[in-house]
Amino acid sequence: MALVNLYSDTQTRPSSAMRKAMAEAEVGDEQRFEDPQVTELCSRVAARRGMEAPLSLPSGTMCNEIAFRLHIRPGGDEAILHRTSHPIIAEAGGPAAFAGAMMQPLDTPKGMFTGEDVRGALRRPGDRYMPRSRLVSVKQTTNMSGGCVWPLEQLRGVVAVAQEHGLRLHMDGARLMKAVVASGVPAAEMTRGFDTAWLDFTKGLGAPLGACLAGSSELIEEAWRYKQMLGGALRQAGIVAAGALYALDHNVERLAEDHANARALAQGLWEIEGVTIDPREIETNIVIFEVDDRDGV
Ligand SMILES: *Cc1c(COP(=O)(O)O)cnc(C)c1O
C-alpha cells in the first residue's frame, strides 16, 4: 500500500536532482562572501523581493529571532502579532530571551488582522505606564490558521497604519511562495513597505535547510552581527544554498499541485460524516479540520 505523508510540508525532502546540484556546488567561505552559491541565492532573492540586501540563514526561526532583535529596543518595546504566530508559539520564548520583546497577541479571525486592528492595539505614545508599540509582524501564509493568503489590500492597510505611527514591519514568509503561487501577486508587491521579510526553502520546496532574510542594507549589516552571535554564520554554505537555488528554479511553480491536492483532500473530508471543514476556505496547502470524537477518533 502506498503511504501518502500529509503530516507537514516540512517533510519534503531533497530529490536526487537537488542532491546532485548540492554535491556539485562550487563553494567558498560564506563569512568572507566567497561562496558563489550563497552570493547567487542572495541576489536572486533580492531581485524577487524588491529588497536591497538579503542574508542567508540556516532556518526560518533564526530569521524571526534576528528580525525581532533588529526591531525591538531594550526598554519595553512591544510587538503586535497574531496569537497563533510562530514567534509566540514555536520559538521557545526566543523573542523574550533574545530581543526582550513584549508581545501583544491579537485574536482576530484566520490569523490575519487589519490596519484598524493594529490601530486598536496601539499603546498611548508617551504614556510611561505602557509598553511602547514598536513592531507589527504578519505571517504570509497564516500556517496554524489554515494557510490563508493575506489579500494585498489588507497588507497595505496594515502597512499604512504602522507607518503612520512610526512602527517597524516584519513579514514571516515561511510560506511566502505559496501565497505568490496561489494569488498571482508577486512577492515584491506583498513585501512592499515591510522593513524585513524572509522566506523558507524547506516548506514544501524540498531543500533540507535554509532561509533568507531581506531588508535594507543598513538593517542587514546589523543582522550580520546577530547571525555571528547565534552561530548562524557558516563556512562552505554553498552546499545548502545550491539546494535552495534548485528549489527556486524547479519547485515553486509546482506548489500549485499541492494546493490542488489540498482542495481535493478537503472536499473528500467534507463528504465524511463527523468531519467539520469548509473546503471553500482552502487557499494553499494547509488543511485543518475537526473530527467528532464520538468514536474515540
Ligand atoms: C516553519 C515556520 C517558521 C520557522 O522556520 P524553520 O525553518 O522551521 O525554523 C517560522 N514561521 C512559520 C510561519 C513557519 O511555518
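Numbering (our numbering), first residue to last: 84 to 380. Heads up, the beta-carbon is just placed ideally off N, CA and C, and yes, glycines get one too. Keep in mind that this is a model prediction, so the values were computed, not measured.
Is the distance from the Cβ of residue i to the Cβ of residue j below 8 Å?
| i | j | result |
| --- | --- | --- |
| ILE303 | ALA136 | yes |
| GLY293 | VAL323 | yes |
| GLY315 | LEU140 | yes |
| SER228 | GLY194 | yes |
| TYR309 | ARG152 | yes |
| ASP160 | MET185 | yes |
| ALA218 | ALA204 | Residue identity check: residue 218 is Leu in the sequence provided, not Ala. No; because the gap between Cβ atoms is not below 8 Å, this pair is not in contact. |
| GLY230 | ASN368 | yes |
| MET213 | ARG206 | yes |
| LEU238 | MET273 | yes |
| SER300 | HIS248 | no |
| VAL268 | LEU235 | yes |
| GLU148 | GLY183 | no |
| GLN187 | ILE171 | no |
Opposite residue i in the DSSP bridges: which residues?
| i | result |
| --- | --- |
| ALA280 | MET254, ALA297 |
| ARG215 | ASP160 |
| THR167 | DSSP lists no partner for THR167. |
| CYS188 | Looking at the sequence shown, residue 188 is not Cys but Pro. Partner(s): LEU164. |
| GLU373 | THR359 |
Report the three-state DSSP secondary structure of residue i (helix, strand or coil).
| i | result |
| --- | --- |
| LYS286 | coil |
| SER220 | strand |
| PHE151 | helix |
| ASN334 | coil |
| ASN88 | coil |
| CYS146 | helix |
| PRO178 | helix |
| THR225 | coil |
| MET195 | coil |
| GLY314 | coil |
| GLU113 | helix |
| ASP341 | helix |
| GLY379 | coil |
| ARG346 | helix |
| GLU304 | helix |
| THR93 | helix |
Cutting at 7 Å between CB atoms, please list the residues of its own chain near residue i, excluding the five before and the five after it.
| i | result |
| --- | --- |
| TRP353 | ILE360, PRO362 |
| GLY289 | THR95, ARG96, PRO97, SER98, MET101, ALA330, ASN334 |
| VAL121 | GLU113, SER139, ALA320, GLY321, ALA324 |
| ALA349 | ILE360, PRO362, ILE365, VAL370 |
| ALA339 | VAL264 |
| ALA245 | VAL201, VAL219, LEU252 |
| ARG132 | ALA270, ALA271, THR274, ALA280, ALA297 |
For residue i, collect the residues of the same chain with a Cβ closer than 6 Å to its Cβ; drop the 5 residues on either side in sequence, then sort them by chain order.
| i | result |
| --- | --- |
| VAL232 | THR224, ALA262, ALA265, SER266, GLU366 |
| ASP118 | VAL110, GLY111, ALA320, GLY321 |
| LYS222 | SER168, ASP255 |
| ALA150 | HIS253, THR279 |
| PHE277 | LEU252, MET254 |
| GLY143 | ALA257, ASP283, ALA294 |
| GLY240 | THR197, GLY198 |
| ARG211 | none |
| MET105 | ILE322, ALA325, GLY326 |
| PHE181 | GLU148, ARG152 |
Could you tell me the boundaries of the alpha helix (DSSP H) in which residue i lies?
| i | result |
| --- | --- |
| MET273 | 270-273 |
| SER126 | 119-132 |
| LEU259 | 259-266 |
| ALA173 | Looking at the DSSP string, ALA173 is not in any alpha helix (DSSP H), and its letter there is neither H nor E. |
| GLN237 | 235-247 |
| SER99 | 99-106 |
| GLY198 | 198-204 |
From which residue to which residue does the beta strand (DSSP E) around residue i run?
| i | result |
| --- | --- |
| ALA184 | First-last for ALA184: undefined, no H or E at that position. |
| ALA136 | 136-140 |
Ignore the nearest five residues each way along the sequence and tell me which others in residue i's own chain have a CB closer than 8 Å to its CB.
| i | result |
| --- | --- |
| GLU305 | LEU153 |
| CYS295 | LEU124, CYS125, VAL128, PRO137, LEU138, SER139, LEU140, CYS146, TRP281, LEU282, PHE284, ALA327 |
| ALA175 | none |
| THR191 | HIS165, THR197, ASP200 |
| ASP341 | ASP92, LYS261, GLY287, THR367, ASN368 |
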